[in-house]
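Quick notes on the structure that follows.
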Amino acid sequence: MQRFGGPWPALTRASRSVVLELLVHGPLSRAELSRRCGLSPATLTRITKSLVAVKMLSESESAQPLRTGRPSTPLAVNPDLVHVVGVNLTRSAMTLVRTDLLGRVLHNRVLTLRSTASSSVIGQLSKAVSEQAGVDPLVRGVGVSLAGPVSAVSPFVRVSPFLGWTDVDLVTEIEDLTGLVTVVENDVRALTAVEHWFGGAAGVDDFVLITVGAGVACGVVVAGRLIDGVGAASGQIGHLPITSSGPLCERGHRGCARSYLASSSIIAQVEQATGRTGLDYQDVLSMAASNNPIARRVVEDAGYALGQLIGTVASVTGAAKVLVSGEGIGFVPLVMDTVVARAAAVQHWTATATPIEVAAFTPTEWARGAAVAALRCQLDLVSVED
Ligand SMILES: [Zn+2]
Numbered sequence: 015m016q017r018f019g020g021p022w023p024a025l026t027r028a029s030r031s032v033v034l035e036l037l038v039h040g041p042l043s044r045a046e047l048s049r050r051c052g053l054s055p056a057t058l059t060r061i062t063k064s065l066v067a068v069k070m071l072s073e074s075e076s077a078q079p080l081r082t083g084r085p086s087t088p089l090a091v092n093p094d095l096v097h098v099v100g101v102n103l104t105r106s107a108m109t110l111v112r113t114d115l116l117g118r119v120l121h122n123r124v125l126t127l128r129s130t131a132s133s134s135v136i137g138q139l140s141k142a143v144s145e146q147a148g149v150d151p152l153v154r155g156v157g158v159s160l161a162g163p164v165s166a167v168s169p170f171v172r173v174s175p176f177l178g179w180t181d182v183d184l185v186t187e188i189e190d191l192t193g194l195v196t197v198v199e200n201d202v203r204a205l206t207a208v209e210h211w212f213g214g215a216a217g218v219d220d221f222v223l224i225t226v227g228a229g230v231a232c233g234v235v236v237a238g239r240l241i242d243g244v245g246a247a248s249g250q251i252g253h254l255p256i257t258s259s260g261p262l263c264e265r266g267h268r269g270c271a272r273s274y275l276a277s278s279s280i281i282a283q284v285e286q287a288t289g290r291t292g293l294d295y296q297d298v299l300s301m302a303a304s305n306n307p308i309a310r311r312v313v314e315d316a317g318y319a320l321g322q323l324i325g326t327v328a329s330v331t332g333a334a335k336v337l338v339s340g341e342g343i344g345f346v347p348l349v350m351d352t353v354v355a356r357a358a359a360v361q362h363w364t365a366t367a368t369p370i371e372v373a374a375f376t377p378t379e380w381a382r383g384a385a386v387a388a389l390r391c392q393l394d395l396v397s398v399e400d
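Numbered according to this note's numbering, the sequence shown spans residues 15 to 400.
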């Protein structure tokens, strides 16, 4: 697989910092770029000239007059320099998006998996990706995200319990079938990268994203770097103990984070206590919102557990903010006071309480994470000098 030789110049570290600054913050003047990237005006002019020449950057439309009377034309990243396809895999389906360089979704679709056998999934995924590359010749890369200990630095899925895979060379097989540079990334880390570049933590160099849904996990960014950990095991906070007297999780832990927060556990607790059956997550939220005492207690307990997790990870990492995202965060606005109070109580008495935000979440967001992993890979490919 030829991994180099795209439409890019060989970027130096300084050039890459200019491109990233514009990706994350949108159009900026040369003076502002020079200040933010710590580059002399002469160096910046030389870098931007070469990036404009290869159409990686362009002069933005909205020229701002300066006090000197000379117009300052902001620079912007060319969103159509490269497009990518992102695919999120679950046990039953794959969600696919095609995006531009700014992570904007141009197309999305959901496909039911014909089988979870790796050869079947890889074949089905590669065919769907090739169809996108067929209609959009700007597509140059593929990102695949899934739950479990996978990382963008390795082509292998060593183990995926929910798909029943061991030692699958996912990246090489997809590259062979599609001819496109491919990367695989943990789903929560991929979602964290979306927030870091284009979302609620754009440009924030120290933050944590906690996801709540079928499970509970977190992505950690420290000093601008997404942390993988040994064996890509960073962020597995789902079974951290919260109390010794709570509900049981599927692993038999009493009072772990997942036992309080997983959507299935929230539903099960309300069903057991009320004797009702067939409730869904939205039913439980409606009952809590209308002050049903049992549903209210269950979501308050979930808020306490989430606050405990937030306070803990914020204390360990020194995060500037904590974002909460995922399919199972509908309860959070109902109990935000509890979340904030518990997080503050867990943090050190000298620490400033870490701001907590609920991220904008849509069902295609996991696949968009996979697309951003592909974009990061595309930019890394060209970072070959200095
Ligand atoms: Zn557990």
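C-beta: ideal position from N, C-alpha, C; glycine also.
| Query | Result |
| --- | --- |
| Opposing strand residues paired with residue 330 [DSSP bridges] | BP columns for residue 330 are empty, so no partner. |
| Distance, residue 92 Cα to residue 424 Cα | A query on residue 424 cannot be resolved here, the shown segment of the chain reaching from 15 to 400 and no further. |
| Pair within 8 Å by beta-carbon distance, residue 370 and residue 349 | no |
| Nearest candidate by alpha-carbon position, reference residue 174, set 154, 130, 217, 216 | 130 |
| Chain-order list of residues whose beta-carbon lies under 7 Å from that of residue 197 (same chain, five-residue window excluded) | 157, 166, 185, 387, 388, 391 |
| Beta-carbon proximity check, residue 1 vs residue 52, cutoff 8 Å | Since the first and last residues shown for the chain are 15 and 400, residue 1 lies out of range. |
| CA-to-CA distance, residue 288 to residue 212, given in whole angstroms | 42 Å |
| Cutoff 8 Å; reference residue 216; Cβ partners in own chain excluding five residues on either side | 38, 39, 209, 210 |
| Short Cβ contact (8 Å threshold) for residue 110 with residue 123 | yes |
| Distance cut-off 7 Å: residue 273 Cβ against heavy atoms of ligand 1 | yes |
| Beta-carbon gap between residue 205 and residue 341 smaller than 8 Å | no |
| Cβ-Cβ separation, residue 357 to residue 324 (assumed contact under 8 Å), whole Å | 4 Å |
| Closer than 7 Å: residue 270 CB and nearest ligand 1 heavy atom | yes |
| First and last residue of the uninterrupted beta strand (DSSP E) at residue 108 | 107-113 |
| Residue 263 CB to nearest heavy atom of ligand 1 below 7 Å | yes |
| Cβ neighbour criterion (16 or more within 10 Å) applied to residue 410 | A question about residue 410 goes unanswered here, because the residues of the chain that appear run from 15 up to 400. |
| Residue 210 beta carbon near ligand 1 (any heavy atom closer than 7 Å) | no |
| Residue 46 versus residue 303 - alpha carbon distance | 47 Å |
| Cβ neighbour criterion (16 or more within 10 Å) applied to residue 10 | The requested residue 10 is not part of the displayed model; the chain covers only 15 to 400. |
| Continuous alpha helix (DSSP H) assignments of at least 4 residues falling wholly in the stretch 189-249 | 201-212 |
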